[in-house]
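Novice:
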Amino acid sequence: MGNQTSCCQNVSLIYSNNEPVRHPSAEDDRNIMEEEPRRMDGRKGNKARIGAAAVDNGEDHLIKHKTAKVLDAASKELIKAAMKQDRVCATLEAPEVEAILSTMEYFQFAKGDLIVEQGTSGTTFFVTHQGTLEVSVNGKVCNTVLEGQAFGGLALLYRCPRTATVRASTDCGVWGAKGDTFHRVLQENAHKHQEDTMKFLDSIKIFDGLNQKQKEQVADSCFSETFDAGARVVTQGDAQAAIYFVKKGDLALIRGGQVKASGELSGGDEISRLGTGECFGESLLLSGESVWDITAVSKTKAELLCISVPELKGALGDNIGSVLEKTFVLKGLKTCPVMSQFSSSQLTELVKAVTVKDFAAGEKITEDLRFVIVVEGQ
Numbered sequence: 014m015g016n017q018t019s020c021c022q023n024v025s026l027i028y029s030n031n032e033p034v035r036h037p038s039a040e041d042d043r044n045i046m047e048e049e050p051r052r053m054d055g056r057k058g059n060k061a062r063i064g065a066a067a068v069d070n071g072e073d074h075l076i077k078h079k080t081a082k083v084l085d086a087a088s089k090e091l092i093k094a095a096m097k098q099d100r101v102c103a104t105l106e107a108p109e110v111e112a113i114l115s116t117m118e119y120f121q122f123a124k125g126d127l128i129v130e131q132g133t134s135g136t137t138f139f140v141t142h143q144g145t146l147e148v149s150v151n152g153k154v155c156n157t158v159l160e161g162q163a164f165g166g167l168a169l170l171y172r173c174p175r176t177a178t179v180r181a182s183t184d185c186g187v188w189g190a191k192g193d194t195f196h197r198v199l200q201e202n203a204h205k206h207q208e209d210t211m212k213f214l215d216s217i218k219i220f221d222g223l224n225q226k227q228k229e230q231v232a233d234s235c236f237s238e239t240f241d242a243g244a245r246v247v248t249q250g251d252a253q254a255a256i257y258f259v260k261k262g263d264l265a266l267i268r269g270g271q272v273k274a275s276g277e278l279s280g281g282d283e284i285s286r287l288g289t290g291e292c293f294g295e296s297l298l299l300s301g302e303s304v305w306d307i308t309a310v311s312k313t314k315a316e317l318l319c320i321s322v323p324e325l326k327g328a329l330g331d332n333i334g335s336v337l338e339k340t341f342v343l344k345g346l347k348t349c350p351v352m353s354q355f356s357s358s359q360l361t362e363l364v365k366a367v368t369v370k371d372f373a374a375g376e377k378i379t380e381d382l383r384f385v386i387v388v389e390g391q
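This is the structure in C-alpha cells:
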C-alpha cells in the first residue's frame, strides 16, 4: 500500500507494520486455536462464578415478606398472561411455563418497601398480583409496574446484576419464581432452536474466526426476546448485558432523550434503523466498553436473538474483544492467497504483530502498510 488512499466512511483497519515477522521458536509453535484448553480451564471457573449469581444470598430480604397463599386457577391465569407479554418469557411453551409456575411463592410488601435493588444479584422472577411498583435506574424513576405485569427476568436470563431498583408504590403482593429454575427453563427452550441459532452465528462477521466448538459454546449463551412496537430494548447509560440480533421486525437506535416515569422515551435523535439480520452491541464488546451509548426502541413487533455477555465471557474468556479480534484476523490471513502459504505458527506470529487503527471518513491512510484487513467501513 505505497499510494495514499482515503476513506469514504469511518473505517477500522487491522494492519501489519514494516517490522519483519519473528520466526517462532519451538516454544511458540502453536496457533490461537490450540489455546482452547487454557480457555476451557478458565471457562469452568467463570461458569462457576457466573452461575453462583443466581443462587447466592443477594435477596435474603425477601424471606421476611414471604406469605402463605394458594396459587389458585385465577392467579395462574394472571401469571401466564403476564409471562406471555414479558420480553423474556413470550416464546415459552405451556410445559415450560408450568415448570416455572411450580416454584412460585407469594410475597407481600408495604408501601415504600424494597423488592429488588440495582447492582445486586437476582434470585427471583416476579409477577405483580396486586398493587403498583416503581422502577428506578441510578436513582431516577423510569417505569411503573402494574398488576399482571412481570419483572426481574433480565438479571436471571443474563446472569448479570439487577439492572434497576423496584419499590412498592402502594401496599402490594407479588408472585416469585426461583431464579435457577427460571434460567434452566429458558436455556432448555433456547437449545430447541440451536440449529437456527447456529445459522445466525455463521452469518455474523465478528464470529467468523471461531471454530465449530467455539460457536457451539456461543450458541449455548443465546436466548430469544420479543418486543411490542414502542418497547425499549436497551437504554442509553445502562450496563450492557447482551449483544442483540434482529430476527424479525425493525428497531430504531436513538441517542439522547429522556425516559419518563411511564417508561416512554421522550426526545432524542434517531441515528439509524435496523432490520432483519442486523445486530447491535458488538462494537461495544470489541471496544471493551460496558455501558450502552444508545437507546434501542422497537418500531414494530420484533423478535431478537440475544447473546449473554457474562456467559459469552464464560465461553471465550474475560477478554472477549481480544479473542474475537484475533480469530477474525486469523481467518482473514488464511483466506488471503499470499498469507495462506505460511504455516499456522507463522500466521500466529503475524496476528501478534497487527495493530487496530480507526480512520474518519475522508481521512488519508498514509502509513506504509504491508497488509490490511478492513474490520468496518470501506
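This note's numbering puts the first residue of the sequence shown at 14, with every later residue one more than the last. Positions of the beta carbon are idealized from the N, C-alpha and C atoms, including for glycine.
1) What's the C-alpha gap between A94 and L298?
2) Decide if H204 is buried, meaning its Cβ has at least 16 other Cβ atoms within 10 Å, or exposed.
3) Could you name the residues of the same chain whose beta carbon sits closer than 8 Å to that of F81, not counting the 5 residues immediately before and after it, in chain order?
4) Exposed or buried, which one is D241 when buried takes at least 16 other CB atoms within 10 Å?
5) Report the three-state DSSP secondary structure of N31 (helix, strand or coil).
6) Among A252, D306 and E291, which residue has its Cα nearest to the Cα of G269?
7) The alpha helix (DSSP H) with A209 in it runs from where to where?
8) Let's test the definition: count the other Cβ atoms within 10 Å of the Cβ of D85 and tell me whether it reaches 16, buried, or not, exposed.
9) According to DSSP, simplified to helix, strand and coil, what is N151?
10) Residues in its own chain within less than 8 Å of G166 by CB, not counting five upstream and five downstream?
11) Since G294 and A255 should fall inside the 8 Å C-beta cutoff, what is the C-beta to C-beta distance between them, to a whole number of angstroms?
12) Using the three-state DSSP reduction, which class does N224 fall into: helix, strand or coil?
13) From the DSSP output, in three-state form, read off V359 for me.
14) Leaving out the 5 sequence neighbours to the left and right, which residues in its chain are closer than 8 Å to Q131 when beta-carbon positions are compared?
15) Answer with buried or exposed for L159, where buried requires no fewer than 16 other C-beta atoms within 10 angstroms of its C-beta.
16) For a quick check, are the C-beta atoms of V246 and S321 less than 8 Å apart?
17) What do you get for E40, buried or exposed, if any count of 16 or more other CB atoms within 10 angstroms of its CB means buried?
18) Below 8 Å on the Cβ atoms is my guess for L343 versus L360; work out the distance and round it to an integer in Å.
19) Out of curiosity, what's the CA-to-CA distance linking E277 and N156?
20) Would a C-beta distance cut-off of 8 Å place L318 and S234 closer than the cut-off?
Specialist: The relevant details are as follows:
1) Against the sequence shown, residue 94 aligns to sequence position 81. Against the sequence shown, residue 298 aligns to sequence position 285. One C-alpha to the other measures close to 35 Å.
2) If you number the sequence shown from 1, residue 204 lands on position 191. Under this definition H204 is an exposed residue.
3) Within the sequence shown, numbered from 1, the residue matching residue 81 stands at position 68. Checking the sequence, you will find Ala at residue 81 rather than Phe. Answer for A81: Y119, listed in chain order.
4) Within the sequence shown, numbered from 1, the residue matching residue 241 stands at position 228. By the neighbour-count rule (16 or more Cβ atoms within 10 Å), D241 is not buried but exposed.
5) In the sequence shown, residue 31 corresponds to position 18, counting from 1. Annotation note: pLDDT 42 at N31 (below 50); position unreliable, coordinate value reported separately. N31 falls in the coil class under three-state DSSP.
6) Translated into positions along the sequence shown, residue 269 becomes position 256. Of the candidates A252, D306 and E291, the one whose C-alpha sits nearest the C-alpha of G269 is D306.
7) Walking along the sequence shown from the start, residue 209 turns up at place 196. Note that residue 209 is Asp in the sequence shown here, rather than Ala. From DSSP, the alpha helix (DSSP H) with D209 extends over Q207 to D215.
8) Position 72 of the sequence shown, counted from the start, is the residue given in the question as residue 85. With fewer than 16 other Cβ atoms within 10 Å, it is exposed.
9) Within the sequence shown, the letter at position 138 stands for residue 151. The answer is coil: DSSP assigns N151 none of H, G, I, E or B.
10) In the sequence shown, residue 166 corresponds to position 153, counting from 1. Excluding positions up to five away in sequence, the list reads D99, R100, V101, C102, F138 and F195.
11) Start at 1 with the first residue of the sequence shown, and residue 294 comes out as number 281. Start at 1 with the first residue of the sequence shown, and residue 255 comes out as number 242. Right, their Cβ atoms sit about 7 Å apart.
12) Taking the sequence shown and counting its residues from 1, the one referred to as residue 224 is at position 211. Looking at N224 - three-state DSSP - the assignment turns out to be coil, as it is neither helix nor strand.
13) Within the sequence shown, residue 359 is the residue found at index 346, counting from 1. Here the sequence assigns Gln to residue 359, which means Val is not the residue at that position. Residue state, collapsed to three classes: helix.
14) On the sequence shown, residue 131 is found 118 positions in, with the first residue counted as 1. Closer than 8 Å at Cβ, skipping near neighbours: S149, V150, N151, P174, R175, T176, A177 and T178.
15) Start at 1 with the first residue of the sequence shown, and residue 159 comes out as number 146. When all chains shown are included, L159 counts as exposed.
16) The sequence position of residue 246 within the sequence shown is 233, counting from 1. The sequence position of residue 321 within the sequence shown is 308, counting from 1. Taking 8 Å as the Cβ cut-off, V246 and S321 do not qualify as a contacting pair.
17) To locate residue 40, count along the sequence shown from 1; it is residue 27. Model confidence at E40 stands at a pLDDT of 39, short of 50, so the residue's coordinates are unreliable and nothing is read from them.
18) Here residue 343 refers to the residue found at position 330 of the sequence shown. Here residue 360 refers to the residue found at position 347 of the sequence shown. Going by Cβ atoms, the distance from L343 to L360 rounds to 6 Å, so yes, they are a contact pair.
19) Translated into the one-based positions of the sequence shown, residue 277 becomes position 264. Translated into the one-based positions of the sequence shown, residue 156 becomes position 143. Cα-Cα distance, rounded: 8 Å.
20) Residue numbering aside, residue 318 sits at position 305 when the sequence shown is read from its first letter. Residue numbering aside, residue 234 sits at position 221 when the sequence shown is read from its first letter. The answer is no: Cβ separation not under 8 Å.
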